[in-house]
Ligand code: FAD
Ligand code: NAD
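Residue numbers (this note's numbering): 27 to 505.
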């Protein structure tokens, strides 16, 4: 059904709903939303949705990056009424004038690259940026793992380190440094990446470049006493033991304080309470220490007095309305609703808003119809039994529609891949909790993520990538 995208023509009788972002939250909202009720405008610097759970697999080529991207225009094509998409970054929000400023920051620019968009309703789903805690040298020297470009950069750098280490006459110390892959942050991002990296080495690099293999080492640095703080104790132990078997070195209670182009300086808390400063040489450094608030969100927080205590994002009420505003909602990693910043939360919040907005539009239509019928009845002296019956039925439906329950998150469980075809899972299982780890969990992990992929196209591509890397090995060409 390759029919052209319907044309967008703003209808002055409808409210303009502006949605920022094309991530987990915003796309879940778009999927649910009956777009014919509003003039819908989507603004995002990224013209695709990214299935982040499989992003760590793109750093080594187990999965090719395009397999986990879904163009937003393909998503919007399936909506009943046209939606306008602008590939741009919202740079500021003015809640008094109800306009947003947008900038086209892409490489190619036309005569206009900055403009304003007015809104009646605004949904902010801009996610978060990478936390560095102002630690010197992090931005300049490390790779993050959040966007497609990050995964591509890591993939290139791993191979650059390998090829440089294999260069004629390279000194042994330099080979050790180049082959040392350091991951900072023992949350799920750091753990999954370390696992993927070790797999890549064991399954491919070792065979293709055997001379450097004794020097290859992955180190995972975590400030807290253990990795995966959000998982159960049993799975933390399982992960740490598996890493030990895989020869991934875990350094817990180790806080990175400074980064240079070739070393990481960290402070280790010793069991006796003392502190020790160490310098760790590295070839590749991946920084995965969680989320920080985006500038556009910080700017909006500073404009709303009720948000003066917000530090981690926009405080929202139980209907996801930004506190201190009437027509702005926030979802996902940029919103503080009392839940963890995960895809699961963001998509449930987006879905909730979709239902809420559909309901609001229906309510307004019902109210308008009641108004119309009542004035007709007034003109006729109130003697239309049919109109009275319709009003009564509409009012009954209205009461039910207005009784919208607040947002409630339903946790389906946590899953993480830990390398060597093993995964860990904390899942809700008939009213109870199940914590499992191992190869069966890995199959569960694979099928769960496959089922969550955005489209059948994505699902097929991911399966083909898995088969391809198993059958032929990962592609080690450095693009
Ligand atoms: P995002 O999905 O980050 O989307 C934000 C969107 O806003 C993007 O389209 C971005 O381009 C756009 N944007 C940014 N700035 C602007 C601006 N100024 N104006 C307009 N648009 C803007 N969670 C899980 O539950 N399970 C997992 O397995 C999992 N795995 C993960 C693996 C990795 C490697 C990472 C990094 C995260 C993972 N997460 C996982 C967390 C999950 O990806 C996030 O919680 C989720 O993406 C949050 O959704 P969001 O819609 O708030 O933001
Ligand atoms: P995170 O916040 O979960 O973990 C970051 C870790 O870095 C923390 O454990 C912290 O103690 C450590 N850290 C911070 N500063 C440090 C320093 N200077 N030196 C050493 N360690 C330091 O971050 P994440 O792993 O990127 O995850 C972000 C969010 O995305 C979380 O909500 C997570 O649940 C979600 N996520 C989920 C999955 C999954 O379910 N499989 C995968 C990736 C991300």
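Using N, Cα and C, we set each Cβ at its ideal position, and we do this for glycine too.
Same chain, Cβ closer than 8 Å to residue 71, five either side skipped, listed in chain order:
113, 114, 115, 131, 132
Would you kindly check if the distance between the Cβ of residue 272 and the Cβ of residue 446 is under 8 Å?
yes
I want to check one thing, is the minimum distance from the CB of residue 172 to the heavy atoms of the ligand FAD below 7 Å?
yes
Terminal residues of the continuous alpha helix (DSSP H) containing residue 373?
369-405
Residue 188, buried or exposed, once every other Cβ within 10 Å from all chains shown has been counted against 16:
Result: buried.
Alpha carbon to alpha carbon, how far is residue 104 from residue 353? Give it in angstroms, no decimals.
27 Å
Is there contact between the stretch 149-167 and the stretch 275-287, where contact requires at least three CB pairs shorter than 8 Å?
yes
Any chance you could list the beta strand (DSSP E) runs of at least 3 consecutive residues sitting entirely within the stretch 187-228, in chain order?
206-210
Which stretch, first to last residue, makes up the alpha helix (DSSP H) that contains residue 259?
259-272
Which residues bound the beta strand (DSSP E) around residue 439?
439-445
Taking only the alpha-carbon atoms, compute the straight-line gap between residue 51 and residue 373 and give it to the nearest angstrom.
5 Å
Helix or strand or just coil, what does DSSP make of residue 70?
strand
Check whether the Cβ of residue 411 sits closer than 7 Å to any heavy atom of the ligand FAD, and report yes or no.
no
State the DSSP-derived secondary structure class of residue 169, mapped to helix, strand or coil.
strand
Roughly how many whole angstroms lie between the Cα atoms of residue 139 and residue 129?
6 Å
Given 7 Å as the limit, tell me if residue 467 has its C-beta closer than that to any heavy atom belonging to the ligand FAD.
It does not: the Cβ of residue 467 is nowhere closer than 7 Å to a heavy atom of the ligand FAD.
Residue of 86, 118, 419, 199 minimising C-alpha distance to residue 230:
86
Can you name the start and end residues of the beta strand (DSSP E) that residue 451 belongs to?
448-455
Measuring only the C-alpha atoms, how far is residue 300 from residue 278?
15 Å
Whose C-alpha, out of 75, 89, 81, is nearest the C-alpha of residue 96?
75
Contact under 8 Å by Cβ, residue 359 with residue 153
yes
Where DSSP assigns a beta bridge to residue 150, which residues make up the other side?
46, 356
Closest residue to residue 144 among 441, 296, 118 (Cα-Cα distance)
The option with the nearest alpha carbon to residue 144 is 118.
Closer than 8 Å is the cut-off here; do at least three beta carbon pairs connect the stretch 309-322 with the stretch 201-221?
yes
When every heavy atom of the ligand NAD is checked, does at least one fall within less than 7 Å of the C-beta of residue 450?
no
Within 8 Å, do at least three Cβ pairs link the stretch 190-200 to the stretch 221-238?
yes
Take residue 480 and list the residues in its own chain whose beta-carbon comes closer than 7 Å to its own, dropping the five residues that flank it on each side.
75, 77, 96
When DSSP labels each residue in this structure, what does residue 504 get in the three-state scheme?
Under the three-state reduction of DSSP output, residue 504 falls in the coil class, being neither helix nor strand.
At what residues does the beta strand (DSSP E) containing residue 303 begin and finish?
Unbroken beta strand (DSSP E) run through residue 303: 301-307.
Start and end residues, beta strand (DSSP E) containing residue 126
125-129
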